[in-house]
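So for the sequence shown, our numbering puts the first residue at 971; every next one is plus one.
The structure appears below as structure tokens.
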Amino acid sequence: MLGRTTRMTWQIAFVFLLLLATFAAMVWEKWSVDVVALGAVGLLIVVGILTPAEAFSVFANEAVITVACMFVLSAGLEFTGAIDAIGDRLQKLGFKSDIALLAVTLPLVAGISAFVNNTPVVVVFMPIMISLAAANGLAPSRLLMPLSFAAIFGGTCTLIGTSTNILVSSTAVAFEQPPLRMFEMTGLGAILGAVGLIYLLTIGRKLLPVRETLSSILQSTESRQYLTEAVVATGSPLIGKRIAETPLNAMRHSRILDITRDGEALATPLNKVVLRHGDRLRITSVLSGVMAMKDEHGLEFQAGGQLGLETLGMQKARIMESVIGPNSELSGKTIRQINFRQRFGILILAVHRQGRNLRENFEDVELDFGDTILMEGTETAIEKLRADRNFLLLAAAPAKPRRRRRRWLALAVVAALVVLATLNALPISALALIAAVLMVITGCVPAEDAYRAISWKVVMLIIGTLALGLALDRTGGASLLAHEMIQGLGGLGPSVVISAIFALTSLLTTFLSNNAVAVLLTPIVINAAQELGVDPRPFIMAVAFGASASFASPVGYQTNTLVYGAGGYRFSDFVKIGLPLNILFWILATWLIPVFWPL
């Protein structure tokens, strides 16, 4: 399948320009990365570089099936509580310092991530770490970035630890190279992980910032909130007036959540509602704010009050943070379009995005993966959100799995997959498919939730980049790039080329999806190795490890994006803490890859 030409043609030039445009669009983030990748495939078909049959052949790639099935396996472990059972035990332990807490939790997270997709591991452990931070008087920012990095460390240790390794293996097979074995990467992965953990517990720990989260910012300026429900009575001076024209609009530390009329919540924007007799208002306020309104405006929240507001009841309102997850249906929609107030019975107070806390004029901002939203509502409304997979609640007490009795069954399925893959009983794609089906038919995860657990955005991105990689090979572009690489670096020796491959891969994953980078670089480095006349294996490993060495940016790796908003981090925090780690891994990989995989 190797390209036969090293001369520039219009087809190669077109593919190169398309790759640059695709990368630029992914960094720009105006369109979803999967849409960009699939759009590029459409252009390749239109100009005739790939036939429809060639383009659609990537749907049958083993990596696509394997990655999708691994999402289902992770969902099975999540639904049965196999992961958060460990978290429950952690919460019962007493930690006297942050270093003790990190020393216990980080190796545990890395070990789990070696066999479970690291994104759900971070999803499960985020609320646990936040709870532990609160119990020990720590800012969550002292724990969440190390959590993400530890999950990445673990993912590099096995074939199934991260989808990147699966993609590199599948691409290698397409270029007539042997697939990666289950534990082939474990030796170097364990060394890198151990060094990474030592760094986080020493130098990295000292660099970790103390960042305020959305809820801490709000709670530092407002005391405990309560929710009260009131009705507009006969003769009230509020009747016939818009909310914006009444004293209710100026209530300090108070907000109107919604208005119910004739048993139905009004969809009209609250500030435009004209009040009528019998309208029911749900208002959240601090108690001191209610008293101040009463003194200043003569408002009464008791039957017979001057403004005719009859108190119907009061209950404590909860403030909760939630992260928009990778599979959330809320992604791409604005807060106004979602209409949280009516749909979920909660009020959105603020949004954290890319290091900024938005508390004003955020209703028309499209939500995206990794955004942290601060919400307020009743205990009942918040608890209902726990079962909604659109939300990743950063709560002290995680949602209780519904199928705990099948926990050991789910663990047995994953263990069988690992053992059989190690023995090469069947290809990893076949084993993953069988394991995923077993998760469903044994009741570890419902079929509907199994489908929802698959990150179709990731799957479509993989399909798109596989087609781009195919075009790079078909046109001879991969061969040309490899030739230019060898012309520039080949004279310095294969070890220098390996070092450059790792550095380039790690750099690209700072801004782009690590999966896309791995798929596109693997055929190039295989060509480069063959042109040098050496074994391609160490070159392939440089891509695999480099694609997971994504620490200097919150956008290149899903786990980093998850903790970005939840920890209140800034982009510069990842650069300050992650860049030294990237450099450290680069030095170690340059030295050790030729040791584990001789040239």
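Glycine included, C-beta positions come from ideal geometry on N, C-alpha and C.
{"Asked": "Helix, strand or coil at Glu1336 [DSSP, three-state]", "Found": "strand"}
{"Asked": "Extent of the continuous beta strand (DSSP E) to which Asp1228 belongs", "Found": "1224–1231"}
{"Asked": "Boundaries (first-last residue) of the alpha helix (DSSP H) holding Leu1431", "Found": "1426–1444"}
{"Asked": "Among Pro1110, His1453, Ala1423, nearest to Val1410 - alpha-carbon criterion", "Found": "Ala1423"}
{"Asked": "Host alpha helix (DSSP H) of Thr1531 (start-end)", "Found": "1528–1536"}
{"Asked": "Helix, strand or coil at Gly1463 according to DSSP, with G and I counted as helix", "Found": "coil"}
{"Asked": "Strand pairing of Glu1627, partner residues [DSSP]", "Found": "In this structure the chain extends from 971 to 1569, so residue 1627 is not present and cannot be described."}
{"Asked": "Local Cβ density within 10 Å of Thr1350, reported as buried at 16 or more and exposed below that", "Found": "exposed"}
{"Asked": "Identified DSSP bridge partners for Arg1250", "Found": "Val1201, Thr1230"}
{"Asked": "8 Å Cβ cutoff met for Gly1166 and Leu1532", "Found": "no"}
{"Asked": "Entirely enclosed alpha helix (DSSP H) segments - the region 1014–1069, minimum 4 residues", "Found": "1022–1026, 1032–1049, 1054–1062"}
{"Asked": "Whether Ala1499 touches Asp1505 by CB criterion (8 Å)", "Found": "yes"}
{"Asked": "Bounding residues of the alpha helix (DSSP H) (the contiguous stretch that carries Thr1350)", "Found": "1349–1355"}
{"Asked": "Own chain residues within Cβ distance below 7 Å of Ala1010, not counting five before or after", "Found": "Leu988, Thr992, Gly1434, Leu1438"}
{"Asked": "Option nearest Arg1225 by Cα separation, candidates Arg1540, Ser1301, Ile1316", "Found": "Ile1316"}
{"Asked": "6 Å Cβ shell around Ser1298 - same chain, five flanking residues per side excluded", "Found": "Asn1360"}
{"Asked": "Beta-carbon gap between Thr1479 and Gly1526 smaller than 8 Å", "Found": "yes"}
{"Asked": "Contacting residues, own chain, Cβ-Cβ under 6 Å from Cys1039 (five flanking each side not counted)", "Found": "Ala1402, Leu1403, Ala1406"}
{"Asked": "Reference Ile1432; option with closest CA among Ala1030, Phe986, Leu990, Ala994", "Found": "Ala1030"}
{"Asked": "Segment contact, 8 Å Cβ cut-off, at least three pairs: the region 1459–1476 with the region 1109–1124", "Found": "no"}
{"Asked": "Among Leu990, Leu1047, Gln981, nearest to Asp1419 - alpha-carbon criterion", "Found": "Leu1047"}
{"Asked": "Gly1248 versus Phe1310 - alpha carbon distance", "Found": "24 Å"}
{"Asked": "Simplified DSSP state of Ser1118, which is helix, strand or coil", "Found": "helix"}
{"Asked": "N-terminal and C-terminal residue of the alpha helix (DSSP H) that Phe1509 is part of", "Found": "1507–1518"}
{"Asked": "Spatial neighbours of Leu1482 in its chain, beta-carbon cut-off 8 Å, leaving aside the 5 residues before and after", "Found": "Phe993, Met996, Val997, Gly1526"}
{"Asked": "Own chain, CB closer than 6 Å to Val1093, minus 5 neighbours either side, in chain order", "Found": "Leu1362"}
{"Asked": "7 Å Cβ shell around Val1487 - same chain, five flanking residues per side excluded", "Found": "Thr1475, Leu1478, Thr1479, Ala1517"}
{"Asked": "Per DSSP, the bridge partner or partners of Thr1216", "Found": "Looking at the DSSP assignment, Thr1216 forms no beta bridge with any residue, so it has no partner."}
{"Asked": "DSSP three-state assignment for Val1244, whether helix, strand or coil", "Found": "strand"}
{"Asked": "8 Å Cβ cutoff met for Ser1140 and Ala1023", "Found": "no"}
{"Asked": "Segment limits, alpha helix (DSSP H) that includes Leu1108", "Found": "First-last for Leu1108: undefined, no H or E at that position."}
{"Asked": "Candidates Phe1065, Asn1135, Pro1179: closest to Pro1110 by CA position", "Found": "Pro1179"}
{"Asked": "Short Cβ contact (8 Å threshold) for Met1345 with Ile1318", "Found": "yes"}
{"Asked": "Collapsed DSSP secondary structure at Leu1317 in the structure displayed", "Found": "strand"}
{"Asked": "Spatial neighbours of Leu1451 in its chain, beta-carbon cut-off 6 Å, leaving aside the 5 residues before and after", "Found": "Ile1494"}
{"Asked": "Whole-Å CB distance - Arg1252 paired with Arg1231, under 8 Å assumed", "Found": "Contact doesn't hold; Cβ gap of about 13 Å is too wide."}
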